[in-house]
Amino acid sequence: MTAVQAEHADVIVVGAGPGGSAAACHLARTGLAVVLLEKTRFPREKVCGDGLTPRAVRSLIEMGIDTGTDADMGTGPGTSVGTGTGTGAPADTGTAAATGAPADAGATAGPAASATGTVQAGSGWARNRGLRVIGGGLRLELPWPELANWPDYGLVRPRLDFDELLARHAEKAGAQLREETTVTGPIRDERTGRVVGVQARASRGGQPLAFHAPLVIAADGNSARMALSLDIRRREDRPLGVAVRQYYRSPRTHDDYLESHLELWEGKPGASRLLPGYGWIFGVGDGTSNVGLGMLNTTSAFQHTDYRDLLRRWLNALPPEWGYTEENAVGPVRGGALPMAFNRAPHYRDGLLLVGDAGGTVNPFNGEGIAYAMESGRLAAEVAVQALARSQGPARERALQAYPDVLRQRYGGYYTLGRVFVELIGNPSVMRILTRYGLPRPTLMRFTLKLLANLTDPRGGDALDRLINAMSRLAPAT
C-alpha cells in the first residue's frame, strides 16, 4: 500500500486561478503558511474573454502587480456616437467588454500564433480606454469613467499567461505553489465534521497526498467539487451564462476600446436574421483578437443552441478584412459556463470558504468574473486572517461565519438588480427597445456603463454614482 505524503499549513487554497492566487497572495503577506494547489501545470488555457475592466485592474494593483505598458492611449476621454453597425469600423480598431453579454473579463497581451497554430503566451498588457457598443445601427464609444476609487483604464491579457502571472506573484509573496496536484476531496474531522484539509494525488504518478490546515479556501471554479462535497449545490433561481471564444490573427489587434455587439446578425445588419446572444471582440495587442459570444439562460434559445455554429454564422457576416476567418484561427473554439449572482451558497460552511466561480460570483450585468474572483479572494483572505488570530472554537467560528455577510453587503443588492436586468434582456423585444432608444442617448449610456461595469465612487461621486449606489442599497441583498 502506498504511503500518503502529508503536509501542514495554516490555509489551503484549492485552485490557482485569479481568485485562488489573489487569496493566497494576500494571506501569505500576513505571514501565514499557505499552500496553493493547482491540478495542471502552467501555462494552461482557460476559456475567457480576456478583457479586464478598471475594477479588475484595481485588484491587480492591490496585489502589487505592475500593469504598466508602453501603449499609446491617444487623446483624452470623450464620448462619440456614430451611425452604422460596426462593420464600418476602422480595421485597426479592437474590441469591448460586453455590456449585456456574458463574456468574462480577462486579461491583456494575448496569444501569439506559433508556426503550428497553437496559442502561446504574449509579452505584456494591452491597455484599453473604454467600451465600444454596437447595436441598433449605432456605434457608441464610452471611455472608462474618471473616478477616485478606480483606475481609468482597462487591460487585455490571455488567461494562458495571466493566471500564471498571478500564481507566481502569490508564490513570491510566500505561498507554496503545488502544480500538477489534483484535489480529490476534503479531509473532515471525525468528531465535528469540519474540513481540516484536503486529499489529493499527484497528476504524474498518482501518488496520494494529504494537506492539513484549519481552513480551506475553495477556488476550484464552476465545477465547485469542494462545495459539492459539503452538499453546497447550485441555486436554480440564479442566472447562468454560456460563452464561447476563439483567437484570430487580425489587423484589429491594437484597438484601444473593448467592443460589445448587442446584436448578432447572420448577414447584412438589419436585413438578415437576428441571431440569439451577444458578442465581443477584444484586441489582444499581439497580432490577434479574442472573439466570442455569450448567451444567458433567460434566453429561449439557451438549451437548443450549437454555440460553435452560432459563432461561425456571426463571424461569416463580419467584414473579411477583419480576419475572423478559418485560415486566421489560432487554436480551437473553447466554451464554458458563467455562474452568476451567487448561484451557489452558503459561501462558508464547516471550515470551507468559497471564492470566485466556485461561489457563483460572476457579475450578471456583464459576465465579468475575474474582478469578482480576485475581490472575493481578498475578502476571504481578510476573514481568514482575523479568524486564525482567534482561539479555535466559537470565537473563530463567529469570524468565519461573517464571510457570507461580507459578500452580501458588498454585492448582494447590486446582484439583485443584475438578476432583474438578466430577465429583461432575455426578452428579444425588450432588448431591441433598449438598444434602439438607449444607444442614441450618451448620458443614459454613461449611466449604463457605470451600472453594468459596477464602477462608481462610494462617496463624493456624481449624480449617476449616487443613483446607482442608492439603487444597490435599496435592492434586497440576497
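Taking my numbering, the leading residue of the sequence shown gets 86, the next gets one more, and so forth. Using N, Cα and C, we set each Cβ at its ideal position, and we do this for glycine too.
Quick check: what's the CA-CA separation for residue i versus residue j?
i, j, result
"N512", "T383", "8 Å"
"Q486", "P405", "55 Å"
"I553", "L536", "6 Å"
"R481", "P299", "10 Å"
"R526", "V329", "31 Å"
"S385", "L437", "36 Å"
"G149", "H389", "44 Å"
"G102", "V440", "10 Å"
"V586", "A258", "Given a span of 86 to 563 for the chain in the structure shown, any question on residue 586 remains unanswerable."
"L94", "A118", "In the sequence as presented, Leu is not what sits at residue 94; that position holds Ala. Roughly 5 Å between the two C-alpha positions."
"G420", "A309", "17 Å"
"P271", "M311", "7 Å"
"L473", "L294", "24 Å"
"A108", "L225", "37 Å"
"G209", "L245", "12 Å"
"R531", "V142", "20 Å"
"L403", "I510", "24 Å"
"P56", "L400", "Because the chain is modelled from 86 through 563, residue 56 falls outside the range shown and cannot be assessed."
"L347", "T563", "28 Å"
"V327", "P449", "12 Å"
"L250", "D135", "14 Å"
"G462", "G445", "13 Å"
"R214", "L396", "26 Å"
"P361", "H432", "33 Å"
"N307", "D442", "5 Å"
"V369", "Y238", "15 Å"
"V98", "G105", "6 Å"
"R558", "R495", "10 Å"
"E467", "E460", "11 Å"
"D341", "I455", "20 Å"
"D490", "R318", "19 Å"
"G100", "E265", "11 Å"
"Y522", "G503", "20 Å"
"H111", "L534", "30 Å"
"R114", "A255", "9 Å"
"V415", "E123", "26 Å"
Identify the residues that DSSP records as bridge partners of residue i: which are they?
i, result
"I455", "In the DSSP output, where bridge partners are listed per residue, I455 has none listed."
"I565", "Outside the shown range of the chain, which is 86 to 563, sits residue 565, and nothing can be said about it."
"G326", "L381 and L423"
"I302", "V98 and L438"
"P645", "Absent from the model: residue 645. The displayed extent of the chain is 86 to 563, so no value can be given."
"Y433", "L438"
"L137", "L240"
"L349", "L360"
Kindly indicate which three-state DSSP category residue i falls into: helix, strand or coil?
i, result
"G320", "Checking the displayed sequence, the identity of residue 320 turns out to be Arg instead of Gly. R320: coil per DSSP, three-state reduction."
"A183", "Below a pLDDT of 50, predicted positions are generally treated as unreliable, and A183, at 36, falls in that range; no measurement from the model is reported."
"V132", "coil"
"Q90", "strand"
"P424", "strand"
"V470", "helix"
"L509", "helix"
"Q477", "coil"
"L250", "helix"
"T266", "strand"
"A414", "strand"
"E344", "strand"
"Y332", "strand"
"E123", "coil"
"G259", "coil"
"V491", "helix"
"G462", "helix"
"R242", "coil"
"Y212", "Strictly speaking, residue 212 in this sequence is Arg, with Tyr absent from that position. Looking at R212 - three-state DSSP - the assignment turns out to be strand."
"L145", "helix"
"L315", "coil"
"A548", "helix"
Taking 8 Å as the CB-CB cut-off, is residue i touching chain D?
i, result
"T541", "The structure shown has no chain D; it contains just one protein chain."
Q: Could you pull out every unbroken beta strand (DSSP E) segment of at least 3 residues lying fully inside the region 274-298, listed in chain order?
A: 280-287 and 293-297
Q: State whether the region 370-383 contacts the region 397-417, with contact taken as three or more CB pairs (one from each stretch) at a distance under 8 Å.
A: yes
Q. Pairing CB atoms from the region 530-549 with CB atoms from the region 224-239, are three or more of them under 8 Å?
A. yes
(Q) Just to confirm the assignment: which complete alpha helix (DSSP H) runs, minimum length 4, are found wholly within the region 515-543? (A) 527-538
Q. Is there contact between the region 317-331 and the region 421-433, where contact requires at least three CB pairs shorter than 8 Å?
A. yes
Q: Kindly provide the ranges of any alpha helix (DSSP H) runs that are 4 or more residues long and lie completely inside the region 351-406, ordered along the chain.
A: 392-401
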